[in-house]
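Following: one structure in C-alpha cells, then a few remarks.
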Amino acid sequence: MVGVSKKSVIKKELPKRSRAFSTRAKTGCKTCKVRHVKCDEGRPGCGKCFQTGRKCDGYAHCAPGPNPKSSAISSAIVSNSFSGITYQLPPTIPDFLSPSLSVSDREQHSFHFFHTQSAPQLGSCFGSKFWNHFVLQASHREPAVRHAVIALGSLHERFELEDKFISKVRGDTEENSFALRQYVRAINCLVQPSMSVNTNHTYKSANVALTACILFICFETLRGDHGSALAHIDGGVKIFSEMQVSGESSAISIEDLPEDHIPVSIFRILFSRLDTQASVLNSRARIIDGGSGSSLNSIPDQFLNVEQAREALESIWTFSGRNLLSCSMYNGVPLPLPTSEEAKILLLFRLESWNRAFELYSCTTNETNSIELLNPMEKSARNLLRMHKTMTQILVTTSTTYPIASNEPNELLWDKFRSEFESMVRWASEFIHMPPNIRREGREAASFTLDNEILQPLFLVATKCRHRSIRNKAILLLKQADRQEGLWNSLLSTRVAERVRDIEEAGLNERIEIVPESNRLRNITMKFDFDGYHGRRAWLAYRYPSRYESGEWIQLYEGDTPSETLSTPSRWTCSYIQS
C-alpha cells in the first residue's frame, strides 16, 4: 500500500514537471526527449547521456532557450574525454550552434552558411571527413575553431554574393569588419597560455592549432592576402613537423584519444597539399618530407575506392615534389639532386602501377554499376584523378632531361604529349560543364576549395602545349572556371596563360598549327600578388630563346582603380590587362 501511495503522489506531480520542462524539450537531444528528462544540451554530446552510458542521438535543431550550466558541463565532458574517457558522438551534427554558447544571430547565420555551403565546397567532389565532420564537431567545442569558422563563413558568403573577385571583398565594409573581428578572436583564443603548443605541446592543443591554421589559410586566401596565407601554411607545416620530431603524434595510443580527435594522417595530407602549392607558386623549398621510396610501396593491385586512389596518387605527387619539382617547369634554376634520375625512374614505375590499379577499379565498378548510373560526383572525382596522374607523368618525364650545366630545357619535348593534353582538356571540360542540377548533388557548384582540382593542370596545358587549338581550349576553360583553388586563382591564371600565348604566337600565320621552337618561352614562373593598392596581379617571369630574361606584371584592375605604370627595371617589360 505504501508503494502504491508513493506512486500516486508521483503521478500527481507529473503535470507540473511537464509544464516546467516543455520549453527545454524543444532544444534537448533526441534521446533525452524520448526519455522525458532534462537535457543539459552539452556539445557534441549531452552530459546526461554521457553520465548514464547512453548513446546521444544528437539535436534536431537549435532554437533560443539557453541553459547557463550546459557550457560548463560540455567543457567537463571534453576534458574527461581527453583524459581517456570516450563518448559516443551524435550521428549528425547540428547546423546551428548551441544557445548555451551565447552566440549572436549573426554568428549563427555565418556558422549555418559555413555548415551548409563552405564545408561541402571545401570538401570538393571527393568529400572530406575533415570539413564535413571534424571541423564542425570542433566548432561546437573549441572557441578558436568556432570563431574561425564563423569568420570564414561570413567572408565566403560575401565572396559568393559578389562577383568572386577576391579584391572586391577586401573593402572596409561592415560585413568584412565582422569577419575580421571573428578572425582576430580566433587568433586570441589560440594565444591563451592553455593553448600554447610551445609550452604544453599537448596533442589537444596541437590538434586545435592545426585545425584553426587551416581555417586561417582559407580565410586569408579568400580575403586576398596571399602573403599571410603563405605564412599560415609555413606556420602550420612547422607545427606539424615539430609534432613528428618530438614524437607527439605517436606518443598517444588510440585508446587514449577521444573519438572525435583528428588523426595526424589527415593533417599530413592537408598540409602536404598546401606545402606543395606554396612551393610551386612561391619557389620555396618544401618543408614536409615527401618520404622515401619505401613510402610508395602501398599501391595495391586494385583500389577499393577513389579516396584510396587519391591518397596513393598524392603520395607519388608529394614524393615527386620533394625530388623532382625543382627541376620542372616551375623553377628557372634547377637544383641538381644526386638521386633525381633514380627517383624519376621509380616515379614513372609507380605511376604505371597506380594507373593499372585505378583502371581495374574503374572497370570493376563500371561492370557492377552501369556507367549511365554512375554517381556524378564519382565521375568527377575519377576525371580529376586521371587529370592529375597525367599531369604528374608529364612533369616527371620532362624533368632532368637536359644537362644541368646548360640550363637549357628542350621545349620540343612537350610536343610528345599531344594526346595527353587533349585528354586533360576533355576531362576538365566535363568537370566544368556538368549539368547544374546534378553537379553537386543539390549543392551549388564549388567556387572556392582548398584543393588543387582543374586550374593547375589546365595552366600546364595552356602554357606548355604548343598545339594552338588545344591551348586555346585550355585557356577558354580557365576563363569559364571562375574558381579559387587554394592559392590558384582562375582569372589570374587565365590572364597569365593568355599573355604567354600572345608572346609566343605574335606574328604567326593562323594556318600554323604548332608554335615553332624559336618562339617558345623558357623557364616560365608565375607568382600571385593580392596585396596593395593595385589589387590582384601576378608576376610573370620567363626567358626568351635567346637567353634574354624578362618579366612583367599581369594586372587586374578594379573598376574604380586608376591605371598607372609601375616602376620596373629597364630590361623588364610591363603590361596591364584590364578586366
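By the numbering used here, the letter at position 468 of the sequence shown is numbered 448, and the numbering carries on one by one without gaps.
All C-beta atoms, glycine included, are put in the ideal place defined by N, C-alpha and C.
Item to complete: Flag this pair as touching only if the stretch 480 to 499 and the stretch 432 to 441 have three or more C-beta atom pairs under 8 angstroms; answer yes or no.
Response: By the Cβ rule, the stretch 480 to 499 does not count as touching the stretch 432 to 441, because fewer than three pairs are nearer than 8 angstroms.
Worksheet entry | Buried/exposed call for GLU569, threshold 16 Cβ in 10 Å | The requested residue 569 does not occur in the structure, where the chain is confined to residues -19 to 559.
Worksheet item: If we count the other Cβ atoms within 10 Å of its Cβ and call it buried at 16 or more, is LEU141 buried or exposed?
Response: Exposed, because fewer than 16 other Cβ atoms sit within 10 Å of the Cβ of LEU141.
Item to complete: Would you grab the beta carbon distance between ARG523 and ASN503 for me? Rounded to a whole angstrom, and I think it's under 8 angstroms.
Response: That belief holds up - the Cβ atoms of ARG523 and ASN503 are roughly 5 angstroms apart, short of 8 angstroms.
Discussion item. Which of the three DSSP states is assigned to THR182 in this structure?
Written reply: In the structure shown, the three-state DSSP call for THR182 is coil.
Worksheet entry | Those residues which DSSP pairs with LEU520 across a bridge | Paired residue(s): MET506 and GLU532.
Item to complete: Identify which residue in PRO356, GLY466, ILE246 and LEU375 has its Cα closest to the Cα of ASN187.
Response: Answer by Cα proximity: ILE246.
Item to complete: Taking 8 angstroms as the cut-off, decide whether the C-beta atoms of LYS369 and LEU293 are in contact.
Response: Yes; because the gap between Cβ atoms is below 8 angstroms, this pair is in contact.
Worksheet entry | the stretch 460 to 477 / the stretch 488 to 499 touching (three or more Cβ pairs under 8 angstroms) | Because the criterion of three Cβ pairs below 8 angstroms is not met, the stretch 460 to 477 and the stretch 488 to 499 do not touch.
Practice prompt. Tell me whether ILE279 sits in a helix, a strand or coil according to DSSP, three-state version.
Written response: Secondary structure at ILE279: coil, using DSSP grouped into helix, strand and coil.
Worksheet item: Of the residues GLN460, ASP509, ARG446 and ALA461, which one's Cα is nearest the Cα of ASN499?
Response: Answer by Cα proximity: ARG446.
Discussion item. Could you check whether the Cβ of GLN172 sits closer than 7 angstroms to any heavy atom belonging to the ligand FAD?
Written reply: As for the ligand FAD, it is missing from this structure, which has no ligand bound.
Practice prompt. May I ask you to report which of helix, strand or coil DSSP gives ILE242?
Written response: Three-state DSSP puts ILE242 in coil, outside helix and strand.
Worksheet item: How many whole angstroms separate the CB atoms of GLU81 and LEU135, which I take to be in contact at a CB cut-off of 8 angstroms?
Response: In the sequence as displayed, the identity of residue 81 is Leu instead of Glu. The distance from the Cβ of LEU81 to that of LEU135 is about 21 angstroms, inconsistent with a contact at the 8 angstroms cut-off.
Practice prompt. From the DSSP output, read off the bridge partner residues of ILE167.
Written response: For ILE167, no pairing in a beta bridge is given by DSSP.
Worksheet item: How is the alpha helix (DSSP H) around GLU485 delimited, first residue to last?
Response: No alpha helix (DSSP H) holds GLU485; DSSP gives it neither H nor E.
Discussion item. So, under 8 angstroms CB-CB, ARG479 and LEU435 are touching, yes? Tell me the CB distance rounded to an integer number of Å.
Written reply: ARG479 to LEU435, Cβ: 16 angstroms. No contact.
Worksheet item: Going by the beta-carbon positions, is the gap between ALA258 and LEU331 smaller than 8 angstroms?
Response: Not a contact, by the Cβ cut-off of 8 angstroms.
Discussion item. Spatial neighbours of LEU365 within its chain, please: C-beta separation below 8 angstroms, excluding the five flanking residues on both sides.
Written reply: VAL286, ALA289, ARG290, LEU293 and PHE338.
Worksheet item: Taking just the CA atoms, how far does HIS241 sit from ARG248?
Response: In this structure, the CA atom of ARG248 is about 14 angstroms from the CA atom of HIS241.
Discussion item. Taking the straight line between their C-alpha atoms, what separation do you get for ALA461 and ILE412?
Written reply: ALA461 and ILE412 have their alpha carbons spaced roughly 6 angstroms apart.
Worksheet item: Are ILE534 and VAL495 touching if we call contact CB-CB under 8 angstroms?
Response: A distance of 8 angstroms or more separates the beta carbons of ILE534 and VAL495.
Worksheet item: Can you tell me whether DSSP reads GLN464 as helix, strand or coil?
Response: Correct three-state label for GLN464: strand.
Worksheet item: What is the residue span of the alpha helix (DSSP H) that TRP407 lies within?
Response: Membership of TRP407 in the alpha helix (DSSP H) is indicated by the continuous run 398 to 412.
Worksheet entry | For HIS447, the residue or residues it bridges with in DSSP | According to DSSP, which records beta bridges pairwise, HIS447 is partnered with ILE494.
Discussion item. Given a cut-off of 8 angstroms on the beta-carbon distance, is the pair GLY133 and PHE196 in contact?
Written reply: No. Outside cutoff.
Practice prompt. With DSSP as the reference, please indicate the residues paired to THR201 in a beta bridge.
Written response: Bridge partners of THR201: none, in fact.
Practice prompt. Answer with buried or exposed for THR344, where buried requires no fewer than 16 other C-beta atoms within 10 angstroms of its C-beta.
Written response: Looking at its Cβ environment, which holds fewer than 16 other Cβ atoms inside 10 Å, THR344 is exposed.
Worksheet item: Would PHE401 be called buried (16 or more neighbouring beta carbons within 10 Å of its own) or exposed?
Response: Counting Cβ neighbours within 10 Å, PHE401 comes out buried, since at least 16 surround it.
Worksheet item: Using the beta-carbon count (16 or more within 10 Å), is ASP250 buried or exposed?
Response: Looking at the sequence provided, one finds Leu at residue 250 rather than Asp. Counting Cβ neighbours within 10 Å, LEU250 comes out buried, since at least 16 surround it.
Worksheet item: CB-CB under 7 angstroms to PRO(-5), same chain, minus the five flanking residues each way: which ones, in chain order?
Response: Here PRO(-5) scores only 43 on pLDDT, less than 50, and its place in the model should not be relied on; the value that follows carries that caveat. Within the same chain, and ignoring the five residues on either side of PRO(-5) in sequence, no residue has its Cβ closer than 7 angstroms to its Cβ.
Fill in: Three-way DSSP call (helix, strand, coil) for ASN285 in this model
Three-state result, ASN285: coil.
Discussion item. Could you tell me the alpha carbon to alpha carbon distance between ALA131 and PHE199, rounded to whole angstroms?
Written reply: Going from the Cα of ALA131 to the Cα of PHE199 covers about 7 angstroms.
Worksheet item: Thinking just about the alpha-carbon of each residue, which of PHE428, LEU254, ARG126 and SER185 is nearest to the one in ASP214?
Response: Considering only alpha carbons, the answer is LEU254.
Practice prompt. For ARG362, collect the residues of the same chain with a Cβ closer than 7 angstroms to its Cβ; drop the 5 residues on either side in sequence, then sort them by chain order.
Written response: Cβ neighbours of ARG362 beyond the five flanking positions: VAL286 and SER342.
Practice prompt. Ignore the nearest five residues each way along the sequence and tell me which others in ARG463's own chain have a CB closer than 6 angstroms to its CB.
Written response: Excluding sequence neighbours, ARG463 sits near SER427 and SER470.
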